[in-house]
Every structure is written in C-alpha cells, then in structure tokens.
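Residue numbers (the working numbering), protein chains in the order written: chain A, 18 to 239; chain B, 18 to 239. Contents: one structure, followed by commentary.
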C-alpha cells in the first residue's frame, strides 16, 4: 500500500502535471531574473520585479530559491555551464597531424563565438564588479568558465600527446596558454570597450588561426 | 613694468607658495578619492567623504575637479599610467640572442609584479563593473593599460626584428600574444578569485619563463 501511494503520487498524471508546472515556474523565474540582473546589476535587482516579470508570486520565487544570492549563483552557473557545454560537446579528437591544426582552429572559433556574446560579457562584468561583496559568485564563474574549459583541454592535450601529435610536459600549463592565446585579446577588448568591440566572425577566425600557429610552434611535433 | 609684474606674480615666493599649496591640496584630494573609490565603488563614493578625508572643503574639491566622474577618470588614468611608467621605463633593448630570452623574462616579471597588486585589481574590477554606466572609464583603463603596453612592446619587437633577433610579420599581433601569454592566467585568477589568488614571486617567475618559451618558439629566430 505504501509503495502504491508513492507510485501514485510520483507517477500519476496529476503528480507529473504538478512537477511540470513547478519546473515551468522555475524556468520562468530564472529567465526573468537573468533579465533583471543583467539590466540592473546585483544590488539593483529586486525580487518583486523578478516575480512580476515571471508572473508568479514573490512567495513562489522564495519557495524555489532561498535568497537573491542563491538565485544569482544559479544563473551564473547556468549561463556559464551552458556556454561550456556548447563549446565542449562533440569535438572528436583528431587521429593524425593533418587534422590537428584544423581541429584546434575549429575549437578556438567555437569557444570565441560562444563566449563573446553581449549577455555573457554583461554577466562577467557584473560578477567582477561584485567580487569584494560576493566572492562566491566570481568563484563559480571562474570554475564553470575558464577553469572547466582548461581542464577539459588539458585532458584532450594529454591524449594528443599520447598519440604523438603534441609534445607537452604539463597539460594544464599548455591548456592555459592555448586558452588565453585565443580568448584574451578579444575578451579584454569586449570587457573594457563594450559590446561594439566584439570582433566580427572573420576577425575571430583570423585571430584563432594566429593563436593556433603560436601554440603549435611551441607544442607541436616538429 | 608689465613684465616685472608678471615675473613677480609667477615667481615671487608668495606665488610659488600658492602654486605649491594648490598642488598639495590636489594631491591630497586624489589620494583621499582613491581610497574612497576603491573602498566604496563609484556609486558608493561621495564627495563629502572625500573632502573630509583630504581635509579640504567640498568647494575646493569641485574647484580642482569639475565632477565625480572627472575625478575618477583622473584616478584611473593616474594609477594605470603610473603602473605603465614603472613597467616601460629603462629596459634597454638587447643586442644579441644571448640576452633576448633574459630580457623578455625580465620584462614579463616586472609587468606581472607591477600590475598584480590588490589596489590595481580592485580598480580594474571597479571599472569593469561600471562599463555600462560609465564606458569612458573603462576605455581610459584599456588605453593607458594594456593598449599602451602592447603598443610599446610592438615598437620594441619591430626593433628586435630589424636587428635579426625576432621573426615577426605583424608586431602588434605579436605584442598582443606576448602580453596575454604573460598576463592572462594570473590576471584572470586575481580578478575572479580575489587577492589571495595573486601568485607569489616564485610562481610569477616560473609563469613568465613558460610564457617567454612559447613566445620565442613562435617568433624567435631558429
């Protein structure tokens, strides 16, 4: 009987509907909160506005997210991880030298295109501006952003070294060199000069190719 | 007679005293404002507090600086230019290959040590957090910070290419690669993970040596 009840409450159409509704509300709150945070900053954002924009009560917001900080951490993690997923997914590791440069250029262009968006730039500026008040937020951004990308790259570089395609002693150092050769120049321009400084697709392609050339000069097999 | 008067008014001890007093007040206001901005952020800083800390009247503050924004731009320019001066001064360009790697490592270590201070990191975070409200401030930081460093490096790289010590087609691209190979990893950690993430002197030295190795593999004469 106990089992039955459990099954009914978790599997009946009514139960599923409840779960879906709750999921939809959660999604609506996250979307609304993202807009409000990006527009007004962390301190400027308020929970009433978020609730109104999501068409839920403030009570519902607090039922889903214990505090404004919890909600913001969820958004930072979500946006950064989603960007990371888009960069890191698929990408089969090449088997021979012919493909290697092309593989690295493709990866670099993808990472540049995914990260250099006005929304992610705004999020990054917002989080950096709040480091002294909310160090936890920036830590989350660092770990689910550059740190995650560099760790994944290091694993790939290790495999490529085993296959004899790269000559790398310290994969994490090489991953950091690759990551920042590719990301730094356009990222710093965008961070400091604003969204208009985000390069065009063609500029990003040229920039990626130059970074890959430098990387392979240092880490490629001669 | 006219000349006499001019001479008297600009050179008399009284005139000099006046200029000195004004210069001292200006310096005191800038020092006080730097502390207040770094502590409270741009919006949080207020001119009464700055005047009180500098032991001058608010009227004197406004006589020297037309607005809070003018004052902040002066501070951003001052702090970044001063750091730039310390990195770029002296540094005689080497004459042969034997000195080249040492020269680049020395330059890199100096730049890392001068830039990676809690005060400059706090300034950079503050300015980045205000990009949407005050884009001018971040532009000043970019131009008197990384842009100035990269332009100066490009000139040096051009000279080194003429002397046959480097093989560089586009000195500005090479300068950007060098700059970010050296600065990015520790700068991003410090920006996002806070002051405790500023590396030790020994770590910076190792990091500089690794960056220089990569740079010379791509741009050195084989």
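Even for Gly, the Cβ is constructed at its ideal location relative to N, Cα and C.
With 8 Å as the threshold, decide whether the Cβ of residue i is near any Cβ in chain A.
i, result
"residue 1(B)", "No statement about residue 1(B) is possible, as the shown extent of chain B runs from 18 to 239 and does not include it."
"residue 155(B)", "yes"
"residue 229(B)", "no"
"residue 208(B)", "yes"
"residue 124(B)", "no"
"residue 24(B)", "Note that residue 24(B) scores 42 on pLDDT, short of 50, meaning its location in the model is unreliable; the coordinates nonetheless yield the value given after this. Taking Cβ atoms only, chain A never reaches closer than 8 Å to residue 24(B), which makes this a no."
"residue 47(B)", "no"
"residue 190(B)", "yes"
"residue 234(B)", "yes"
"residue 216(B)", "no"
"residue 109(B)", "no"
"residue 198(B)", "yes"
"residue 225(B)", "no"
So, helix, strand or coil for residue i, using DSSP?
i, result
"residue 183(B)", "strand"
"residue 112(A)", "coil"
"residue 38(A)", "helix"
"residue 53(B)", "helix"
"residue 222(B)", "helix"
"residue 33(B)", "helix"
"residue 63(A)", "coil"
"residue 176(B)", "helix"
"residue 133(B)", "coil"
"residue 83(A)", "coil"
"residue 150(B)", "coil"
"residue 163(B)", "helix"
"residue 157(B)", "helix"
"residue 141(A)", "helix"
"residue 94(A)", "helix"
"residue 58(B)", "helix"
"residue 211(B)", "coil"
"residue 168(B)", "helix"
"residue 217(B)", "coil"
"residue 104(B)", "helix"
"residue 72(A)", "coil"
Please report whether the beta-carbon of residue i lies at a distance below 8 Å from any beta-carbon of chain B.
i, result
"residue 135(A)", "no"
"residue 181(A)", "no"
"residue 211(A)", "yes"
"residue 129(A)", "no"
"residue 193(A)", "yes"
"residue 201(A)", "yes"
"residue 79(A)", "no"
"residue 120(A)", "no"
"residue 142(A)", "yes"
"residue 205(A)", "yes"
"residue 170(A)", "no"
Per DSSP, residue i forms a beta bridge with which residues?
i, result
"residue 237(B)", "183(B)"
Hey, would you say residue i sits closer than 8 Å to residue j, going by beta carbons?
i, j, result
"residue 125(A)", "residue 190(A)", "no"
"residue 195(A)", "residue 154(A)", "no"
"residue 185(B)", "residue 236(B)", "yes"
"residue 219(A)", "residue 206(A)", "no"
"residue 95(B)", "residue 165(B)", "no"
"residue 167(A)", "residue 193(A)", "yes"
"residue 173(A)", "residue 131(A)", "no"
"residue 144(B)", "residue 158(B)", "yes"
"residue 98(B)", "residue 201(A)", "no"
"residue 78(B)", "residue 140(B)", "no"
"residue 91(A)", "residue 33(A)", "no"
"residue 85(B)", "residue 64(B)", "yes"
"residue 59(A)", "residue 179(A)", "no"
"residue 169(A)", "residue 105(A)", "yes"
Going by beta carbon distance, what residues of the same chain come within less than 6 Å of residue i, once the five residues before and after it are set aside?
i, result
"residue 259(A)", "Residue coverage of chain A in this structure runs from 18 to 239, which leaves residue 259(A) outside it and unanswerable."
"residue 49(A)", "67, 70, 71"
"residue 20(A)", "Here the model assigns residue 20(A) a pLDDT of 41, short of 50, so the residue's position is not dependable, and the following value carries that caveat. So the list is empty, once near-sequence residues are dropped."
"residue 216(B)", "203"
Could you work out which residues of chain D lie near residue i, taking near to mean beta carbons separated by less than 8 Å?
i, result
"residue 158(A)", "Annotation note: the requested chain D is absent from the structure, which comprises protein chains A and B."
Going by beta carbon distance, what residues of the same chain come within less than 7 Å of residue i, once the five residues before and after it are set aside?
i, result
"residue 122(A)", "225, 226, 229"
"residue 118(B)", "229, 233"
If I measure Cβ to Cβ from residue i and keep anything under 8 Å in the same chain, skipping five residues before and after, which residues do I get?
i, result
"residue 45(A)", "71, 72, 73"
"residue 113(B)", "182"
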